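Have a look at the structure below, then the notes.
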Amino acid sequence: DVKVTQSSRYLVKRTGEKVFLECVQDMDHENMFWYRQDPGLGLRLIYFSYDVKMKEKGDIPEGYSVSREKKERFSLILESASTNQTSMYLCASSSPPKLTDTQYFGPGTRLTVL
Amino acid sequence: SQKIEQNSEALNIQEGKTATLTCNYTNYSPAYLQWYRQDPGRGPVFLLLIRENEKEKRKERLKVTFDTTLKQSLFHITASQPADSATYLCALGAGGGNKLTFGTGTQLKVEL
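Protein sequences, first through last, are from chains A and R.
In this note's numbering, each number is its position in the first sequence, counted from 1, plus 18.
In this note's numbering, each number is its position in the second sequence, counted from 1, plus 2.
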């Protein structure tokens, strides 16, 4: 079974802090994704990566950056956390070349920025 | 702009009945459509995929239809059980690009 793990289930940070969210997958997947999920807005794509050291902006990249130094690990960075970044953050992975693009999600990190 | 619509109101049904959830989309030509289940405080879990050239797909008590003319997918759970209570998300993919666009989900509550 594919396993996607996220470093924290719950995180509380203060405005202006630098925040790192870590995601690790154990199935050698090429593709990794970061989403945030908010009530009424659904899942919104922040960044994704097709390969090591490669990244692409999603629909809402502002205020975020990412790092993919190893294939299995994809980090989301909030350079200076703000209260409007309080949300549930979900990491996912998938593997081409199948056109199915089924994504496997981690358990999520609920981030609160005070 | 691309838009995916799922009923935002919760669907309450009685145990044993068939639950039907709807996913409508506009300004999109998906190569396939997926359905995911999400339990509170957890990440979504993949359930079913249907391609643009398929009308219907089944898996145990689940059935998905895909009408590219109506731009709609219906997700059915037959003989529903309280354990089926969750939020169900549809997601559209264009194929090859690996990006999925998710709907906001519909919460299903199955009552005894």
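Virtual Cβ for every residue (Gly too), placed ideally from N, Cα, C.
No experiment lies behind these values; they were computed from the predicted model shown.
Query raised in the report: Interface residues of chain R around residue 120 (chain A) at Cβ under 8 Å?
Result: Those are 36, 48, 51, listed as they occur along chain R.
Query raised in the report: Skipping 5 residues on each side, what residues in its chain have a beta carbon closer than 6 Å to that of residue 21 (chain A)?
Result: Excluding residues within five positions, the ones whose Cβ falls inside 6 Å are 44.
Requested in this report: Quick one: measure Cβ to Cβ for residue 56 (chain R) and residue 70 (chain R), integer angstroms, because I've assumed they're closer than 8 Å.
Outcome: In fact, because the Cβ distance is near 10 Å, the residues do not count as touching under 8 Å.
Query raised in the report: Does the Cβ of residue 72 (chain A) have 16 or more other Cβ atoms within 10 Å, making it buried, or fewer, making it exposed?
Result: exposed
Query raised in the report: Hey, does residue 95 (chain R) have any beta-carbon neighbour from chain A nearer than 7 Å?
Result: Yes - at least one Cβ of chain A is within 7 Å of the one on residue 95 (chain R).
Query raised in the report: Which first and last residues belong to the beta strand (DSSP E) in which residue 104 (chain A) is found?
Result: That residue, residue 104 (chain A), is in no beta strand (DSSP E); it is neither H nor E in DSSP.
Requested in this report: Mind checking who residue 45 (chain A) pairs with in its DSSP beta bridge?
Outcome: In DSSP, residue 45 (chain A) forms no bridge with anything.
Requested in this report: Specify, as a first and last residue, the run of the beta strand (DSSP E) that residue 64 (chain A) falls within.
Outcome: 60 to 67
**Report entry** Pairwise C-alpha distance: residue 88 (chain A) and residue 42 (chain R)
**Finding:** 31 Å
Query - Whole-number beta carbon distance between residue 95 (chain R) and residue 10 (chain A), since they are thought to touch under 8 Å - result: In this structure chain A extends from 19 to 132, so residue 10 (chain A) is not present and cannot be described.
Query raised in the report: Comparing alpha-carbon positions, which option in R:73, R:44, R:78, R:47 lies nearest residue 59 (chain R)?
Result: It is R:78 whose Cα lies nearest to the Cα of residue 59 (chain R).
Report task. Whole angstroms is fine: what's the gap from residue 52 (chain R)'s alpha carbon to residue 32 (chain A)'s? Result -> 43 Å
Query raised in the report: So does the region 44 to 64 of chain A actually touch the region 91 to 98 of chain A, counting three or more Cβ pairs closer than 8 Å?
Result: yes
Query raised in the report: What is the rounded straight-line gap between the Cα of residue 91 (chain R) and the Cα of residue 35 (chain A)?
Result: 33 Å
Query raised in the report: Excluding sequence positions up to five away, which residues of its chain have a Cβ less than 7 Å from the Cβ of residue 114 (chain R)?
Result: 17, 84
Query - Supposed contact pair residue 103 (chain A) and residue 129 (chain A) - C-beta distance, whole angstroms, cut 8 Å - result: 7 Å
**Report entry** Contacts that residue 104 (chain R) makes with chain A (C-beta to C-beta distance below 7 Å)
**Finding:** 60, 61
Requested in this report: Specify the secondary structure class of residue 77 (chain A) as computed by DSSP and reduced to three states.
Outcome: Residue 77 (chain A) falls in the coil class under three-state DSSP.
Report task. Below 8 Å CB to CB, which residues in the same chain sit around residue 101 (chain A) once its five sequence neighbours on both sides are set aside? Result -> 33, 131, 132
**Report entry** residue 61 (chain A) and residue 127 (chain A) closer than 7 Å at C-beta
**Finding:** The answer is no: Cβ separation not under 7 Å.
Query - residue 96 (chain R), enclosing beta strand (DSSP E) - first and last residue - result: Element bounds for residue 96 (chain R): n/a, residue is neither H nor E.
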